[in-house]
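Working notes, structure below.
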Amino acid sequence: MNPICAALDLPDPVSAAQLASRLAGHVGLFKIGLELFVAHGRAAVEPIRKFGLPIFLDLKLHDIPATVEGAARGVAQLGVQYVTVHASGGTEMIRAAKRALPGVNVLAVTVLTSLEPADGEVLRLARLSIDAGADGVVCAPGDVAPLRKELGPKPLVVVPGIRPAGSAAGDQRRTGTPREAIRAGASLLVVGRPLRDAPDPAAAADAIAREIS
Ligand code: C5P
7 MNPICAALDL PDPVSAAQLA SRLAGHVGLF KIGLELFVAH GRAAVEPIRK
57 FGLPIFLDLK LHDIPATVEG AARGVAQLGV QYVTVHASGG TEMIRAAKRA
107 LPGVNVLAVT VLTSLEPADG EVLRLARLSI DAGADGVVCA PGDVAPLRKE
157 LGPKPLVVVP GIRPAGSAAG DQRRTGTPRE AIRAGASLLV VGRPLRDAPD
207 PAAAADAIAR EIS
């Protein structure tokens, strides 16, 4: 499977579907983020479904367990395959999300790639998340190797902050190249602006696919 997950970070469902149609056949998954989902809800998800690729809903849920469980029941109605929660919400919150989403991959965000974690924080949060039933974790490129070692081969390790050589970091602090992340054991690469802002997004995705093959 193509491990490139294209972040459709655009303000409206029409532009998101346009980017998706340019990338279909060149990436393996589509990610719908907070901006699009808060503004458009289900209407942001429906037009992306027709491309037939798995959908990753990046809501980064973080609240008391009962509230997250309720929100997760709503996610279960959307027919997506991946959803994110914040690992710092704790064991009970992650268990609650998984209870409501038995057939969906629940990914726990360790520490945002825009932040600098304290020593040991990423490993601790990842361990807690997997022990609580999460299917995988989201971490920065530099965290992949130690996390893969800590968690073993099974959990998904999903990596944003991906920057092919020569592309701008933007607000990301902890970035890495596609090849480094895959070599270190990443399962999926989340790529946003390097595809969205490329003159030819499909060609940019193909270049990443070549780099990691
Ligand atoms: O444009 P860029 O490639 O930086 O986009 C990365 C995407 O991954 C964005 O949609 C962002 O919300 C998401 N993300 C992240 N860091 C995390 C989790 C998700 O950058 N820890």
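Under this note's numbering, the first residue of the sequence shown carries the number 7, and numbering increases by one thereafter.
Yeah, the Cβ is synthetic: ideal placement off N, Cα and C, and Gly gets one too.
Query                                                                                                                              : Result
Residues near Pro184 in its chain [Cβ-Cβ closer than 7 angstroms; skip 5 each side]                                                : Ile168, Pro170, Leu195, Ile214, Glu217 and Ile218
Cut-off 8 angstroms between Cβ atoms - residues of its own chain near Leu157, not counting five sequence neighbours on either side : Ala132, Arg133, Ile136, Val143 and Val163
Length of the line joining the Cα atoms of Leu42 and Leu25                                                                         : 13 angstroms
Same chain only: Cβ atoms within 6 angstroms of Val74, ignoring 5 sequence neighbours per side                                     : Leu67, Met99, Ala102 and Ala103
Segment limits, alpha helix (DSSP H) that includes Thr116                                                                          : Element bounds for Thr116: n/a, residue is neither H nor E.
Whole beta strand (DSSP E) elements within the segment 51-93, 3-residue minimum                                                    : 61-67 and 88-92
Inter-residue Cα distance where the pair is Arg202 and Leu14                                                                       : 7 angstroms
Proximity below 9 angstroms, CB of Ala192 to CB of Pro71                                                                           : no
Backbone secondary structure at Val112 - three-state DSSP                                                                          : strand
Opening and closing residue of the beta strand (DSSP E) in which Ile138 lies                                                       : With the sequence shown as reference, residue 138 is identified as Ala, and Ile is not the correct amino acid for it. Counting along the chain, Ala138 falls outside any beta strand (DSSP E), and DSSP gives it neither H nor E.
First through last residue of the alpha helix (DSSP H) which encompasses Ala210                                                    : Pro207 to Ile218
Reduced DSSP secondary structure (H/G/I, E/B, other) of Ala12                                                                      : strand
Span separating the alpha-carbon of Leu121 from that of Ala146                                                                     : 10 angstroms
Ranges of the alpha helix (DSSP H) found wholly within the segment 169-211, counting only runs of at least 4                       : 184-190 and 199-202
Leu40: CB within 8 angstroms of a non-hydrogen atom of the ligand C5P                                                              : yes
Among Ala174, Ala49, Gly148 and Gly139, nearest to Pro161 - alpha-carbon criterion                                                 : Gly139
C-alpha distance - Leu35 paired with Leu29, whole-angstrom precision                                                               : 10 angstroms
Assumed close pair Val33, Ala50 - CB separation to whole angstroms, cut-off 8 angstroms                                            : Going by Cβ atoms, the distance from Val33 to Ala50 rounds to 18 angstroms, so no, they are not a contact pair.
Check whether Arg154 and Ala190 have beta carbons under 9 angstroms apart                                                          : yes
Inter-residue Cα distance where the pair is Asp141 and Leu63                                                                       : 14 angstroms
Simplified DSSP assignment, three categories, for Val33                                                                            : coil
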